[in-house]
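Since the structure comes first, as structure tokens, the remarks are kept for the end.
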Amino acid sequence: MLFTKDDWGKALEELRKSTRILVPVKEGDLHTFQPLAEKGIPDWNYQNTRMSPKALVYPQSERMFEYSLGEGDANAHVLKESSKEYKPQAVVGIRPCDAHAFQIVKLNFDNPEFKDPWWVKRHDSTTFVGLGCNEPCSTCFCTSVGGGPFGKKGLDVILHDLGSRFLATSLTAKGEGFLAGLKGGQKAGEKDIAEAQEMEEWAGQKISGKIPTRQLKDKVVNQLFNAPFWEEVAFSCINCGTCTFLCPTCWCFDIQDEVLGKEGDRIRNWDSCMFPLFTLHGSGHNPRDKKTQRVRQRFMHKLKYYVDKYGNGVQCSGCGRCVRYCPVNIDIRQVCELMNNY
Ligand code: SF4
Ligand code: SF4
633 MLFTKDDWGK ALEELRKSTR ILVPVKEGDL HTFQPLAEKG IPDWNYQNTR
683 MSPKALVYPQ SERMFEYSLG EGDANAHVLK ESSKEYKPQA VVGIRPCDAH
733 AFQIVKLNFD NPEFKDPWWV KRHDSTTFVG LGCNEPCSTC FCTSVGGGPF
783 GKKGLDVILH DLGSRFLATS LTAKGEGFLA GLKGGQKAGE KDIAEAQEME
833 EWAGQKISGK IPTRQLKDKV VNQLFNAPFW EEVAFSCINC GTCTFLCPTC
883 WCFDIQDEVL GKEGDRIRNW DSCMFPLFTL HGSGHNPRDK KTQRVRQRFM
933 HKLKYYVDKY GNGVQCSGCG RCVRYCPVNI DIRQVCELMN NY
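Per my numbering, residue 633 is the first one in the sequence shown, and the count goes up by one each step.
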């Protein structure tokens, strides 16, 4: 379907009555996903959000259960599941690397062994409408990790920005339903489709960052673990946690009880392997009490343990956020190369 950008905006406005629509909105110098029209107008001409959109499915802090410790309360000491919101939502304008990231983390939250019911329900009630990248930035390396600037993994619809128009193509039944609910589009012509294909090829060639990953699966875990380069890789790291906080494929969390008076909540919060408390045991022992051990954990998890466990590439979608925002310029592309070529 082909939409003028004006018509696309109007169609989303109309759909907003039945579906929560999240769009990229500029706030200061940065973009974030916000509900349409509540906090400003969508800016389709953006590179990517600084924070990954993972929180739209997997909130940074989530109340799991609640309880009361009050005496005389019939429900005292009973753990009740907290109410949660699963209203249908569509993330419109998500970049392909971030949609791909949801497929990577799905292996952790939704697999034959374990299902996280909250992640699964929120993921299932979300439609992912991707916006292909006409101008990938220099820190992107999606093509090295199974994606691309117009990659389709994890998307229900893909948009090609053809200047004054959007070409919207459905990729799943959910995507078909989404487009059927939009008014004002028209059938795309052969010329539009050819223009979109040309754009895809052109954008793919613009990705200059390439990393080798092919040999990671053949490496011996203990040899990589004991490799001499970890001290050097970790030397400048200040364990700030920026890389894991911004990453769309980092999924670790911690569960804490928060009690106020006689009321308690059991909450899960994103956690980071970069923090010293991450693996602190109740006994006081910490198997990763040194910075080098924590840095090694981040890269071994993404580029070796995940590779061996799932046989499905690396735990990274090449969005480049950790490369762009690490305050001391630690670059996962260089670490991956060291590991792959060791
Ligand atoms: S962003 Fe850089 S300095 Fe901060 S924890 Fe990650 S690797 Fe270390
Ligand atoms: S490891 Fe870095 S490049 Fe890869 S998905 Fe996470 S933030 Fe993006």
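Note that beta-carbon positions come from the ideal geometry of N, C-alpha and C, so glycine has one too.
In this text the structure is predicted, and so the values were computed from the model without any measurement.
Selected residue, minimal CA-CA separation from Ile839, among Tyr937, Gly783, Pro919: Here residue 839 refers to the residue found at position 207 when the sequence shown is read from its first residue. Of the candidates Tyr937, Gly783, Pro919, the one whose C-alpha sits nearest the C-alpha of Ile839 is Gly783.
Identify whether Lys838 lies in helix, strand or coil by the three-state DSSP scheme. As a position in the sequence shown, residue 838 is number 206, starting the count at 1. In the structure shown, Lys838 sits in a helix (DSSP, three-state: H, G or I).
What residues match up with Asp793 in a beta bridge as DSSP calls it? In the sequence shown, residue 793 corresponds to position 161, counting from 1. Looking at the DSSP assignment, Asp793 forms a beta bridge with Phe798.
From Thr664 to Glu827, what distance separates their C-alpha atoms? Reading the sequence shown from its first residue, position 32 is the one you call residue 664. Reading the sequence shown from its first residue, position 195 is the one you call residue 827. Rounded to the nearest angstrom, the two C-alpha atoms are 29 Å apart.
Taking only three categories from DSSP, how would you classify Pro749? Working through the sequence shown from its first residue, we reach residue 749 at position 117. Assignment of Pro749 by DSSP, reduced to helix, strand and coil, places it in the helix class.
Cutting at 6 Å between CB atoms, please list the residues of its own chain near Ser802, excluding the five before and the five after it. Along the sequence shown, one-based indexing puts residue 802 at 170. Hits under 6 Å: Val789, Glu808, Leu811.
Mind checking whether the beta-carbon of Leu878 lies closer than 7 Å to any heavy atom of ligand 2? The count along the sequence shown starts at 1 and reaches residue 878 at position 246. Yes.
Three-state secondary structure (DSSP) of Glu863: Residue mapping note: residue 863 aligns to position 231 of the sequence shown, counting from 1. In this structure, Glu863 counts as helix in the three-state DSSP scheme.
Within the segment 866 to 945, ranges of the beta strand (DSSP E) (whole runs, at least 3 residues): 885 to 892, 895 to 902
Starting from Gln666, trace the beta strand (DSSP E) in both directions and tell me its first and last residue. Sequence index remark: in the sequence shown, residue 666 carries index 34 (1-based). Run containing Gln666: 662 to 667, per the beta strand (DSSP E) assignment.
DSSP on Gln721, reduced to helix/strand/coil? Here residue 721 is taken as the residue at index 89 of the sequence shown, counted from 1. Strand.
Is the closest heavy atom of ligand 1 to the C-beta of Lys932 under 7 Å? Position 300 of the sequence shown, counted from the start, is the residue given in the question as residue 932. Lys is not the amino acid found at residue 932; the sequence shown has Met there. No, since every heavy atom of ligand 1 falls outside the 7 Å radius drawn around the Cβ of Met932.
Cβ neighbours of Gly762 in the same chain (closer than 6 Å, five flanking residues each side left out): The residue you call residue 762 lines up with position 130 of the sequence shown. Ile726, Pro728, Ala731, Leu787, Ile790.
Look up Phe857 in the DSSP assignment and give the residues it is bridged to. Translated into the one-based positions of the sequence shown, residue 857 becomes position 225. Partner(s): none; Phe857 has no beta bridge.
Would you tell me roughly how many angstroms separate the C-alpha atoms of Leu688 and Arg754, rounded to the nearest one? Numbered from its first residue, the sequence shown carries residue 688 at position 56. Numbered from its first residue, the sequence shown carries residue 754 at position 122. Leu688 and Arg754: Cα-Cα distance of roughly 8 Å.
Contact under 8 Å by Cβ, Gly950 with Ser904: Counted from its first residue, the sequence shown places residue 950 at position 318. Counted from its first residue, the sequence shown places residue 904 at position 272. No, they are not a contact pair.
State the start and end residues of the unbroken beta strand (DSSP E) segment that holds Met683. On the sequence shown, residue 683 is found 51 positions in, with the first residue counted as 1. That residue, Met683, is in no beta strand (DSSP E); it is neither H nor E in DSSP.
Suppose you measure from the CA of Gln888 to the CA of Asn901; what does that come to, to the nearest Å? Mapped onto the sequence shown, residue 888 falls at position 256. Mapped onto the sequence shown, residue 901 falls at position 269. About 8 Å.
Over the uninterrupted alpha helix (DSSP H) stretch that includes Val955, give me the two end residues. The residue labelled residue 955 in the question sits at position 323 within the sequence shown. Per DSSP, Val955 belongs to the alpha helix (DSSP H) from 953 to 957.
Kindly list the residues whose CB is nearer than 6 Å to the CB of Pro720, restricted to its own chain and excluding five residues on each side of it in sequence; keep chain order. Within the sequence shown, the letter at position 88 stands for residue 720. Thr651, Ser757, listed in sequence order.
Work out the CA separation of Lys936 and Gln855 for me, nearest whole Å. What you label residue 855 is simply residue 223 of the sequence shown in a count that begins at 1. What you label residue 936 is simply residue 304 of the sequence shown in a count that begins at 1. If you take the alpha carbons of Gln855 and Lys936, they lie about 11 Å apart.
Under the three-state reduction of DSSP, which class applies to Arg737: helix, strand or coil? Position 105 of the sequence shown, counted from the first residue, corresponds to residue 737. Correcting the residue type first, residue 737 is Val in the shown sequence and not Arg. In the three-state DSSP reduction, Val737 falls in the helix class (H, G or I).
Please state if the CB of Val865 and the CB of Val927 are separated by a distance shorter than 8 Å. As a working note, residue 927 is residue 295 in the sequence shown. As a working note, residue 865 is residue 233 in the sequence shown. Yes.
Per-residue DSSP class, three states only, for Glu808: Taking the sequence shown and counting its residues from 1, the one referred to as residue 808 is at position 176. In the structure shown, Glu808 sits in a helix (DSSP, three-state: H, G or I).
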